[in-house]
Amino acid sequence: MLSHIHIRDFAIVDQLDLEFDDKLSALTGETGAGKSILLDALGLCLGDRADSDTIRPGADRAELTVSFELDESNPALAWLDEHELREDNDCILRRIIQAGGRSKSYINGRPAPLQALRELGEQLVDIHGQHAHQSLLRKEMQRQLLDDFGGHQELLRQAAALYSEYRDLQREIEQLEGGQQDYESRLELLRYQVNELEALGLEAEDIEALDAEHRKLSSAGDLLTTCQALLTTLYDDDGSAQSALSHAAGELERMRSIDPALGDAHEMFNNALIQLEEGCDNLRRYADSVDLDPGRLEWIEERLGSLNDLARKHRLRPEELPARLEALREELAHLEGAEERLTALRQRQANIMSEYRQVASQLTEARRQAATLLDQSVTGFIKELGMPGGELRIEVEPQDTNAPSRFGADHVLFTVRTNPGQSFGPVHRVASGGELSRIGLAIQVATVNTAKIPTLVFDEADTGMGGAVAEVVGRKLQQLGRTHQVLCITHLPQVAAQAEHHYRVKKESDGETTRTTVIRLDNNERVEEIARMLGGVEITENTLNHAREMLEKAREAAQEATSA
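Put into structure tokens, the structure is as follows:
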């Protein structure tokens, strides 16, 4: 439950600390006193978007903190465990709003994004606003209320999963069917291209070898001529290098016997002669190996020409053609199997649709059963709220299951009649504004126990009611307070009198500044506040006695209900 709220420099609140207890608490005050400020602060701590205009004039930031005490059954504890934010059974949400609109948020002292506050807040507090009944006019809200009341979450999860898979299959089928027009022409082109490339029978390394052989054959004449010229110059001519080295080596051999110091020179020239002769031998062998094969050269040039032509056609380098061939083979196999895949996809989709219809049928039956129970519960509350002829009937009509949706196949519509014998019709067409408020409150009260949310907030949900009806509203909220913590902002004394705890919101001004204060009332202060709500400007002794009587009757009724 909500145990504490701290507000500093927010709107017209300079500093405020409030402690809350379980059961029903009423917050009252004159119009404009600032009751909505408390809800705004709570909403910001639960992840609402911030506005720098909410900072109190003269302050540089607003600070808001709400504290909750959680029991082990609260799903919020599991959320805190999952996100490693648990601190015993306490949960503290803090929000700091800075000038310029920037804000910081914290969960149990650790920074957290707004989305985390929202997710956690949905498991801590359920706020029913002044105009909550207006949301009942939306068909999607009516369906959601019925599903929440009936606990259909697992069936909805199954329906959503099947719908999602069906939609994905439909998208893939449409893509394949949409490509049928170009299917044959593309298939023909792929087969031609694959055959054309396969006819070459090449790998990337073959292309490199052809390039190397082409370079050698195309230069064979030049290579042979050069080798022969070198051999003539180095070895065969009378004045060749071999002759000169041979003569030098012979002379040094003779002179070394005269002066041994020439031994090294002799050895060097002798080695040079040996290396020259070996080099010339290599040149002769190479010259003998040079193949002047114009037929082979012509064949290679034709083959390389074909490769280059195909490479240009595919906008690739020749060595990339083998990879291109593999890609074309894969696409061809894919297209040749498209018809089989399309058949398989259609069969899978038919199976999914069959499963979907089964789940949708189960969901329809579950909704109809829940609708009967909710009809009875809400109708009972409507009658207690001063509409003796009022009755709710929830229509659940299956729609065309050939067009599935994530929420099942049903059209859910809340219909009412406000007088016996009157035809049932959609809520917004049959009910007046005041009747709509009562019907909305009845539905809220009837469905509130379906959620495991410990704290319920009603912000003037009793708008448009009064007298005996208002007293019934108060008793219903008091009844909710036996199983939940209920905070109720109200202008009705009949509702406030039913509360276990009572807070008064008051706006004060010293002529220069205005601020809102909230105090928890003792019994005497409650009498005065109820009397103010009853009597207006002038409070008489009769008004005070009436207030005392209302509070006493409320206490007696609460005691009787507790002991029953």
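Numbering (the UniProt record's numbering), first residue to last: 1 to 564. Note that CB positions come from ideal geometry on N, CA and C, so glycine has one too.
Asked	Found
Tell me which same chain residues have a C-beta within less than 8 Å of the C-beta of tyrosine 183, skipping the five on either side of it?	Leu335, Ala338
Excluding five sequence neighbours on each side, which residues of the same chain lie with their C-beta closer than 7 Å to the C-beta of aspartate 375?	Leu392, Arg393, Ile394
Would the segment 80 to 96 count as touching the segment 143 to 163 if we require 3 or more Cβ pairs under 8 Å?	no
Kindly give me the distance between the Cβ atoms of leucine 262 and methionine 255, rounded to whole angstroms, as I take these residues to be in contact under 8 Å.	5 Å
Looking only at DSSP bridge pairs, what is residue 565 linked to?	Because the chain spans 1 through 564 in this model, residue 565 falls outside it and cannot be assessed.
Once the 5 residues before and after asparagine 271 are set aside, which same chain residues still bring their CB inside 6 Å of it?	none
Of all the beta strand (DSSP E) runs that stay within the bounds of the segment 351 to 409, which reach a length of 3 or more residues?	391 to 398
Which residue from Ala323, Gln144, Gly389 puts its Cα closest to that of glutamine 444?	Gln144
Below 7 Å CB to CB, which residues in the same chain sit around aspartate 22 once its five sequence neighbours on both sides are set aside?	Met1, Gln485
Whole angstroms are fine: how far does the CA of glycine 47 sit from the CA of tyrosine 503?	25 Å
Report back the beta-carbon spacing between alanine 409 and alanine 360 to the nearest angstrom; my notes put them in contact at under 8 Å.	4 Å
In the DSSP assignment, what are the bridge partners of serine 25?	Leu487, His501
Taking all protein chains shown into account, decide if asparagine 524 is buried (16 or more other Cβ within 10 angstroms of its Cβ) or exposed.	exposed
By the three-class DSSP mapping on this structure, what secondary structure does phenylalanine 68 have?	strand
DSSP has threonine 516 in a bridge; who is on the other side?	Lys507
Can the beta-carbon of valine 473 be found less than 9 Å from the beta-carbon of leucine 492?	yes
How about phenylalanine 458 and histidine 128: are their beta carbons less than 9 Å apart?	yes
Answer yes or no: do leucine 136 and arginine 367 have a C-beta to C-beta separation smaller than 9 Å?	no
In angstroms, rounded to a whole number, what distance separates the CA positions of leucine 325 and glutamine 349?	34 Å
Can you tell which of Gln98, Pro75, Glu560, Val527 has the C-alpha that lies nearest to the C-alpha of glutamate 122?	Pro75
If you scan the segment 100 to 129 from start to end, which runs of the alpha helix (DSSP H) of 4 or more residues do you find wholly inside it?	114 to 121
Thinking C-alpha only, which one of Val412, Ala554, Phe20 is nearest glutamine 399?	Val412
Quick check on histidine 152: buried or exposed, where buried means 16 or more other Cβ atoms within 10 Å of its Cβ?	buried
Under a three-way DSSP split, which group does arginine 157 fall into?	helix
Please go through the same chain and pick out, in chain order, the residues whose beta-carbon is closer than 7 Å to the beta-carbon of alanine 249, but skip the five residues on each side of it.	His266, Phe269, Asn270, Leu273
Hey, leucine 363 and leucine 187: beta-carbon distance below 9 Å or not?	no
Report the rounded CA-to-CA distance for leucine 156 versus leucine 316, giving the unit in angstroms.	53 Å
Is it true that the CB of threonine 516 sits closer than 9 Å to the CB of leucine 16?	yes
Output the boundary residues of the alpha helix (DSSP H) element that contains histidine 247.	241 to 256
Just to check my reading of the structure: alanine 497 and alanine 554 have Cβ atoms closer than 8 Å, yes? What is that Cβ distance to the nearest angstrom?	5 Å
State the DSSP-derived secondary structure class of phenylalanine 10, mapped to helix, strand or coil.	strand
Quick check on phenylalanine 414: does DSSP put it in helix, strand or coil?	strand
What three-state label does DSSP hand isoleucine 5 in the structure shown?	strand
Please name the residue, chosen from Arg118, Gly440, Ala311, Tyr192, that lies closest to arginine 138 on a Cα-to-Cα basis.	Gly440
Since alanine 11 contacts glycine 43 with CB under 8 Å, what's their CB separation in whole angstroms?	Not a contact, Cβ separation roughly 13 Å.
Could you check the C-alpha separation between serine 246 and leucine 321 for me, to the nearest Å?	57 Å
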